[in-house]
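Visitor: In this note's numbering, each residue carries its 1-based index in the sequence shown increased by 1437. Built from N, CA and C at the ideal position, the CB exists for glycine as well. There's a structure below that I have some questions on.
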Amino acid sequence: MTSRSRSLRNIAISAAAVPAVIFGAVQGTSIAAAADSVPASQSQLLSHRYSTPAGAVFVSTSGDDSNPGSIASPMRTLGKALQVVKPGGTVVMRGGIYREGAIGHRTGGTNYIAHLKDITVQNYQGEKVWLDGTEKVTNWKPVAGKNNIYSVSWDTPKLCAGSFYGGHYAHQSASGPCSYSDAVGGRSSLGDPHMVFHGNEQLKEVDSLAKVNQDTFFYDWRSKKAYIGFNPEGKDVYLTKHPQALALYRPTGLTIRGIGIRRYASNQYSNATQGALLLNSGYKVRLENVVITENAGGGLLSWDTRSLTINHSDITFNGANGINLTGAVLERRRDPSLRDDLVIEYSRIDRNNTDFFSVDCEYSCSAAGAKIVGVIGAKVRYNSFSDNGGLRASGLWFDLENEDVAIYGNRMFGNARYGIFYEASERATIASNVLAHNGWGAKNYGGGAGIAVGSAHVRVYNNTLVGNKTGVFLYDDPRSPGNGYGYDSHRIGPNSVNIEFVNNVVAVHSSGAGPLMKISGGKKGIPGNTSASQAIKTLSNNLYSKPENIHFMQWRDWVGDKTEVYKSIDQLRNAKGAAKGESGSELYTDKPMVGGASFKTKVNKKGKPLPADIASMLGVDGNNVPRGAIKVV
C-alpha cells in the first residue's frame, strides 16, 4: 500500500505537545474552554458503556450467523445482523476483532445494505470492538533460491471498486480505479491498497521483489502474490482482504457508536470504495465514539447524506483523506430547499494522508484531513484537524458549492498545506480557531498558510494564527460561474466579494516564513472575476507580529500584475484607504507578541464588537472581546 511505513510509533505527533487551554489575546485572560474535549485516545472511545435495550440482536466473534442473535446465541457478523434487525432495533457487538467486509446487493463497485431505518449499532458494555479489513495468513511458502523470502497467493478482486486487476496500480488512468494518475509515483504513494501487518506493526510496501527485507513487502500484481522478508512460522501476519467494512444505502435514523473500523483496503480515487465506511444518500445519521483508522485510502466516505453528525470520533492515520464528503448536490437540483446540515464536533481528524498521495499533483490535488464539497449548512466546531501531511494535505477543506458554513473553536496544527481552506464557495464564518505551524510541508506554490479563503461573503473573526508558512491568503479564484474557464468551472461559487478579516492575531517568528498576509484578485480578462480590492470588504482591528525581514503584506490586484509589497500598516492604509487599510490594527516588528506553546499575547487590546450571530455562536458578550481566539477545544 505504502511507500512509507505508517506505524503509529514512527510518526511524530506535534499536536500532542500543545496544551488544551490556550491563552487569549487580552493579556492575563485565558480562552474559555469548550464544553467538552476531543478524544484523548482511541481506547477511551471504544470503552464507552451504553445501555442494552430489550430485543437487541447480539453479535460475537464466537457466534454463528445461523443463530437467532440472542445474548446466549449470538450471530457471527455485523453484516448479517444488519440484514435481519428490524426497524427501530439495535445491534450489540461483543468485544473482539471482526474480520469481515461489506456484504449485500452488488452495484456500483461495492456491496450495499439498503434502507436501514432507525437502527443503532453499538458495542457491549465497554467491550472493545474492531471491524478489521485484514485476514491472518498462515500458508506462506519459501521462495526457491531466495534467502528468507516467503510468498503467498493473494487474490483481491473487490479492491478499487472491483477493478483492481483492470490495470496496474502504478499506472492509473484519469478514471482510476485505485488512484488519480497524478496522485501516485515519484515522491507520492505507490498506489496499491494492499497492506501487510506483522502483529500490530505495518510493513512498508516496496515496488520490486529485490527490495524486500524483514520490514517490507511486495505485491506482484500480475501473479497475484504477496512477498515478505522473514520466516512467518509462529508469527501473526495479516494481509488486507476487504476494501470496505460497510456500504449503506439510504440509511435513515442510523446511529453507529463505540465501534472501531481499521485496516481496510480503501483507495484514493473517488469511487465507491474510497472509504472504509460508505454512507450513500442517508438522512439523520450519527457517528459517535467511532474510530476509523489505518485504512489504505480514505476513512469515511459520505455521498448525499443529510443531517450527518460526527461526534466524539477519531478519524486518524488513514492513507489518504480521513473524510471525503459530498453534499446533496444532485438531490438539490430536484428540490432546491434541501439542506445538508452537517455537524462535526469534538473529534480528531488528525494525521491523515500518511501514504503521501498527490505530492506533485496537477489536477487531483485533494489531500486533506477532511475534504467537503457541495454542502449547504455545516457546523464544524471544537475539533482537532492536525498533522494531516504527506507533503500536501490541508486540515479542513471546503471546496466547491458550499454555503452557510460555520467553522469555530477548532485547532489546526502542523498541516502540510492549509489549516483551513474555504474555496470556490460562499457564506461562511471562520471564528475563534487556533492555527499554528501549517503550510511548511507543501513546497509547491510557495507552501501553504494558516487560513486560505477564495470565496464570497466570508467573515474571518478572532482567530489566532502563529508560525504558519504564510499567515493568511485571501483571493479570488480565476474560475468563474458559467464562464467555462478552468477545472470544474460549472461548479464554482460566486466570485470573491465581501471578505471580512477582523480581530485576528497573526504572528510569525521564523525568518524563513512567507508574508503575514497575501491578497490576490482573479484574472482581469475572465468575465466576472474580481480584483483584490473588490474581494476585500474590510481588514480591521487585527494584531500582527513579525521579524524585520518578513513582509507584512503582499497585494496583487489581478493575476499577472506586479505584486505590491507593504512593510507597514501605514503604507497599506495610504495605498488602499481606511476600509482595507487595517483600521484599528497594530503591527509589531522584531518584538514577538505571541510566544510559547500557550500562544499568549503580550499586549492588552480589545477587539471590535462582534456581529450578534457570531457572539451568540461563541456564547460571549460581543461588546467585550479580545483579539484572537476566544473559545477553543
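Determine the direct distance from the alpha carbon of Gly1885 to that of Leu1872, and round the result to whole angstroms.
Guide: The sequence position of residue 1872 within the sequence shown is 435, counting from 1. The sequence position of residue 1885 within the sequence shown is 448, counting from 1. Near 12 Å, if we compare the C-alpha coordinates of Gly1885 and Leu1872.
Visitor: Only counting the same chain, and skipping five residues up and downstream in sequence, which positions put a Cβ closer than 8 Å to that of Ser2005?
Guide: Counting from one through the sequence shown, the residue named residue 2005 turns up at place 568. Phe1989 and Leu2024, listed in sequence order.
Visitor: Going by alpha carbons, who is nearest to Phe1495 out of Arg1486, Cys1615 and Arg1513?
Guide: Here the question's residue 1495 lines up with position 58 in the sequence shown. That would be Arg1513, whose Cα lies nearest to the Cα of Phe1495.
Visitor: Using the C-alpha atoms, what's the distance from Val1934 back to Glu1433?
Guide: Residue numbering for the chain in the displayed model covers 1438 to 2070; residue 1433 lies beyond these limits and cannot be assessed.
Visitor: Within its chain, find whatever has a CB closer than 8 Å to the CB of Tyr1656; leave out the 5 residues flanking it on each side and keep chain order.
Guide: Walking along the sequence shown from the start, residue 1656 turns up at place 219. Hits under 8 Å: Trp1591, Asp1629, His1631, Glu1642, Lys1662, Ala1663 and Tyr1664.
Visitor: Report yes or no: do three or more beta-carbon pairs, one from the region 1954–1970 and one from the region 1906–1918, lie closer than 8 Å?
Guide: yes
Visitor: Name the residue from Thr1901, Tyr1819 and Arg1788 whose alpha carbon lies nearest to the alpha carbon of Gly1851.
Guide: Reading the sequence shown from its first residue, position 414 is the one you call residue 1851. Nearest neighbour of Gly1851 by Cα position, chosen from Thr1901, Tyr1819 and Arg1788, turns out to be Arg1788.
Visitor: Are Asn1790 and Ala1804 touching if we call contact CB-CB under 8 Å?
Guide: On the sequence shown, position 353 is the one that residue 1790 refers to. On the sequence shown, position 367 is the one that residue 1804 refers to. Contact: yes.
Visitor: DSSP three-state call for Phe1858: helix, strand or coil?
Guide: Indexing the sequence shown from 1 puts residue 1858 at position 421. Strand, per DSSP.
Visitor: How many angstroms separate the CA atom of Met2054 from the CA atom of Thr1967?
Guide: Looking up residue 2054 in the sequence shown gives position 617. Looking up residue 1967 in the sequence shown gives position 530. In a straight line, the C-alpha of Met2054 is about 30 Å away from that of Thr1967.
Visitor: Suppose you measure from the CA of Val2069 to the CA of Asn1899; what does that come to, to the nearest Å?
Guide: Here the question's residue 2069 lines up with position 632 in the sequence shown. Here the question's residue 1899 lines up with position 462 in the sequence shown. Distance between the alpha carbons of Val2069 and Asn1899: 11 Å.
Visitor: Under 8 Å between the Cβ atoms of Arg1531 and Pro1511?
Guide: The residue labelled residue 1531 in the question sits at position 94 within the sequence shown. The residue labelled residue 1511 in the question sits at position 74 within the sequence shown. Taking 8 Å as the Cβ cut-off, Arg1531 and Pro1511 qualify as a contacting pair.
Visitor: State the DSSP-derived secondary structure class of Tyr1602, mapped to helix, strand or coil.
Guide: Within the sequence shown, residue 1602 is the residue found at index 165, counting from 1. If DSSP states are grouped into helix, strand and coil, Tyr1602 belongs with the helices.
Visitor: What ranges does the alpha helix (DSSP H) occupy inside the region 1498–1566, keeping only unbroken runs of at least 4 residues that lie completely in it?
Guide: 1515–1521
Visitor: Quick check: what's the CA-CA separation for Tyr1487 versus Lys1554?
Guide: Locating residue 1487 in the sequence shown gives position 50, where the first residue counts as 1. Locating residue 1554 in the sequence shown gives position 117, where the first residue counts as 1. Each residue's Cα considered, the two are about 20 Å apart.
Visitor: Where do the ends of the alpha helix (DSSP H) carrying Met2054 lie?
Guide: One-based indexing of the sequence shown puts residue 2054 at position 617. Run containing Met2054: Ala2049 to Leu2055, per the alpha helix (DSSP H) assignment.
Visitor: Does the Cβ-Cβ distance between Gly1492 and Gly1526 come in under 8 Å?
Guide: Taking the first residue of the sequence shown as position 1, residue 1492 is located at position 55. Taking the first residue of the sequence shown as position 1, residue 1526 is located at position 89. Against a cut-off of 8 Å, the Cβ pair of Gly1526 and Gly1492 comes out as a contact.
Visitor: By alpha-carbon positions, which one of Asp1751, Ala1518, Val1796 and Gly1697 ends up nearest to Glu1564?
Guide: Walking along the sequence shown from the start, residue 1564 turns up at place 127. That would be Gly1697, whose Cα lies nearest to the Cα of Glu1564.
Visitor: Write down the C-beta distance between Gly1759 and Gly1734 rounded to the nearest angstrom, noting that I regard them as a contact closer than 8 Å.
Guide: The residue labelled residue 1759 in the question sits at position 322 within the sequence shown. The residue labelled residue 1734 in the question sits at position 297 within the sequence shown. Rounded, the Cβ-Cβ distance is 11 Å, inconsistent with contact.
Visitor: Between Val1766 and the rest of its own chain, which residues show a CB-CB distance below 7 Å, the 5 nearest in sequence each way excluded?
Guide: As a working mapping, residue 1766 is identified with position 329 in the sequence shown. So the list reads Gly1811 and Glu1838, once near-sequence residues are dropped.
Visitor: Considering only residues of the same chain and omitting the five flanking positions on each side of Glu1572, which have a CB-CB separation below 7 Å?
Guide: As a first step, residue 1572 is located in the sequence shown; it is residue number 135 there, counting from the start. Arg1536, Tyr1675, Leu1676 and Lys1678.
Visitor: Have a look at Ala2049, Gly1516 and Ile2067 and flag the residue whose alpha-carbon is nearest the alpha-carbon of Gly2059.
Guide: Walking along the sequence shown from the start, residue 2059 turns up at place 622. The shortest C-alpha separation from Gly2059 is found at Ala2049.
Visitor: Spatial neighbours of Ala1539 within its chain, please: C-beta separation below 6 Å, excluding the five flanking residues on both sides.
Guide: As a first step, residue 1539 is located in the sequence shown; it is residue number 102 there, counting from the start. Cβ within range, chain order: Thr1547, Asn1548, Gln1681, Leu1683 and Ala1684.
Visitor: Any idea what DSSP makes of Glu1768, helix, strand or coil?
Guide: Counting from 1 along the sequence shown, the entry for residue 1768 is found at position 331. DSSP places Glu1768 in helix when its eight states are reduced to three.
Visitor: Suppose you measure from the CA of Gly1636 to the CA of Lys1672; what does that come to, to the nearest Å?
Guide: On the sequence shown, residue 1636 is found 199 positions in, with the first residue counted as 1. On the sequence shown, residue 1672 is found 235 positions in, with the first residue counted as 1. About 8 Å.
Visitor: Quick one, which of Ala1702, Tyr1686 and Asn1726 has its alpha-carbon nearest Ser1480's?
Guide: The residue given as residue 1480 occupies position 43 in the sequence shown. Ser1480 has its Cα closest to that of Asn1726, out of Ala1702, Tyr1686 and Asn1726.
Visitor: Considering only C-alpha positions, which residue in the set Gly1997, Lys1517, Ile1844 and Trp1877 is nearest to Val1897?
Guide: As a working mapping, residue 1897 is identified with position 460 in the sequence shown. Val1897 has its Cα closest to that of Ile1844, out of Gly1997, Lys1517, Ile1844 and Trp1877.
Visitor: Have a look at Trp1834 and Ala1581 and give me their C-alpha separation to the nearest angstrom.
Guide: Start at 1 with the first residue of the sequence shown, and residue 1834 comes out as number 397. Start at 1 with the first residue of the sequence shown, and residue 1581 comes out as number 144. The alpha-carbon atoms of Trp1834 and Ala1581 are separated by roughly 50 Å.
Visitor: Quick check: the region 1711–1720 against the region 1574–1588, are at least 3 beta-carbon pairs closer than 8 Å?
Guide: no
Visitor: What residues in its chain sit with their C-beta under 6 Å from that of Trp1740, if we drop five residues either side in the sequence?
Guide: As a working mapping, residue 1740 is identified with position 303 in the sequence shown. For Trp1740, where only same-chain residues beyond five positions count, the Cβ hits under 6 Å are Asn1717 and Thr1763.
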